[in-house]
Structures are given as C-alpha cells and as structure tokens.
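Mind the numbering: the sequence shown is residues -22 to -1, 1 to 175 in mature numbering (1 follows the signal peptide of the UniProt record, and there is no 0), read in order.
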Amino acid sequence: MGALGNCSVVFLLCFFSSFALAIGLHQGVGDEDQVIAMATLGGVRDVENNQNSVEIEELARFAVHEHNKKENALLEFARVVKAKEQVVAGTLYHLTLEAIDAGIKKLYEAKVCTKPWLNHKELQEFKHTGDGESASFTSADLGAKRDGHETGWRAVPTNDPVVQAAANHAVTAINNMCDCIVTLELLEIQHAKAAVE
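This is the structure:
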C-alpha cells in the first residue's frame, strides 16, 4: 500500500470513529438496549440532578448576584429550573433559573463559565426569557392563540410537555419506519414552533 492508501485507511478509521461516537455504541454484554453515551467535546448536555445540586445552585446564585451588580438590579434568586453544561476551555453552564423581580417570579437564562483549576468563574450572559407563572401561553395552545396575533409560525418553549411528547412521538415513528440496527434517541429539543392559522 502506498502513501495514498495509508492516508485513505487513516481517514476511514477517523471517519468511522467519529461516526461511532456521534451515534453511541451498543454494549454487547448483558442488555442489548443499553447504550453507552459518549461525551462529545463542546456538546451541550443536561446536568443530572440539577435541581438538587449544591454546585449548580451556587452558580445560579452567583449569576443573579453578578447580574445585580452589573445592572444595579435587585433580583432575588428563587430556584434552578434547568441546567446544561458544555465542555469548552473550562465548563460553560447554561442555566435556566427563576428569580423574583419586584415580587414577580420571572425566568432568566444565564451562562456561567468556570475554570476550577484557576479558581475562576465568570457570568457571560444573563437575559430575561419570560414570566415564571404568567406566561402568555399554555400547554394546551402552545402559544398558538389567534386573539390579536398574526398567523404563521411562533416559537414555543422546548420544555413544554406537549412539545416533548410530540418530539418523542416523532422519534418513535421514525424508528418504526426504519429497519435499522441502531435506533434513534431523543437527546435534546433545540427549537420548537407552533402554527397559528
């Protein structure tokens, strides 16, 4: 095999290794349905037990404190709703948290970057995303109200139970149509929209 042949073999090995990491590997011993989840560098993934994690709550409190300091605001931390992490040069935490602003619970998204080896954490982003209790949509209508709103597609929350059920149904339907060795698994809903007609 010449240099070109060796290059092709290395390329194919890299391609198949990347492909295997992307879809996960089935474990041959024991339960065949058990999938080994492979972490992808730079990929965003859910933080397990995020509501009960002291570390995650401390990061959320830090985010609110830093936001209050920068914006001269008086938000009061209430709870962590959702937490995701992304391995970058350190760990970037994507937090959805509830805070009280003038007696009203509101939802915020914060991004906090930590580098434990440098004893460093930094608030990179903090923004209001909606009201905690009085959102303008419910699970039943997914925000697709006609009362005064124009028709067309509207963004809806990805954590809505109806959206999650629809996404799970879609993945199940695709798996049923496909005669594949590897089945698809829903990891995350990136965006969701509902049509107003």
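For every residue, glycine included, the Cβ atom is placed at its ideal position computed from N, Cα and C.
On a predicted model such as this, the values are computed, not experimentally measured, just so you know.
Closest by CA to residue i, which one among the options?
i: residue 24; options: 167, 171, 145 and 173; result: 167
i: residue 87; options: 101, 80 and 81; result: 101
i: residue 162; options: 155, 149, 37 and 32; result: 149
i: residue 21; options: 49, 39, 65 and 147; result: 65
i: residue 67; options: 54, 94, 43 and 80; result: 94
i: residue 43; options: 152, 90 and 158; result: 90
In its own chain, which residues sit with a C-beta less than 8 Å from the C-beta of residue i, not counting the 5 before and 5 after it?
i: residue 192; result: Outside the shown range of the chain, which is -22 to 175, sits residue 192, and nothing can be said about it.
i: residue 169; result: 133 and 136
Which value, in whole angstroms, describes the spacing of the CA atoms of residue i and residue j?
i: residue 108; j: residue 52; result: 17 Å
i: residue 78; j: residue 85; result: 9 Å
i: residue 138; j: residue 96; result: 38 Å
i: residue 98; j: residue 36; result: 14 Å
i: residue 50; j: residue 164; result: 41 Å
i: residue 153; j: residue 141; result: 18 Å
i: residue 160; j: residue 151; result: 14 Å
i: residue 80; j: residue 158; result: 54 Å
i: residue 156; j: residue 143; result: 20 Å
Would you mind reading off the limits of the alpha helix (DSSP H) that contains residue i?
i: residue 163; result: Premise fails: residue 163 is in no alpha helix (DSSP H) and is neither H nor E.
i: residue 42; result: 32 to 49
i: residue 25; result: Run containing residue 25: none; DSSP gives neither H nor E here.
i: residue 143; result: 139 to 155
What are the boundary residues of the beta strand (DSSP E) that includes residue i?
i: residue 61; result: 54 to 66
i: residue 96; result: Residue 96 -> no beta strand (DSSP E), and no H or E assigned at all.
i: residue 170; result: Premise fails: residue 170 is in no beta strand (DSSP E) and is neither H nor E.
i: residue 133; result: 130 to 133
Once the 5 residues before and after residue i are set aside, which same chain residues still bring their CB inside 6 Å of it?
i: residue 69; result: 63 and 92
i: residue 131; result: 171 and 173
i: residue 31; result: none
Which same chain residues end up closer than 7 Å to residue i when comparing Cβ atoms and leaving out the 5 residues on each side of it in sequence?
i: residue 104; result: 41, 45, 86 and 88
i: residue 6; result: Residue confidence for residue 6 is low, a pLDDT of 41 falling below 50, so the modelled location carries little weight; the figure read from the coordinates is stated next. Correct list: empty, nothing qualifies.
i: residue 39; result: 55
i: residue 106; result: 84 and 86
i: residue 145; result: 164 and 167
With a threshold of 7 Å (Cβ to nearest heavy atom), would residue i be considered close to the ligand MN?
i: residue 56; result: Judged by which ligands are present, the structure shown has none, so any question about the ligand MN falls away.
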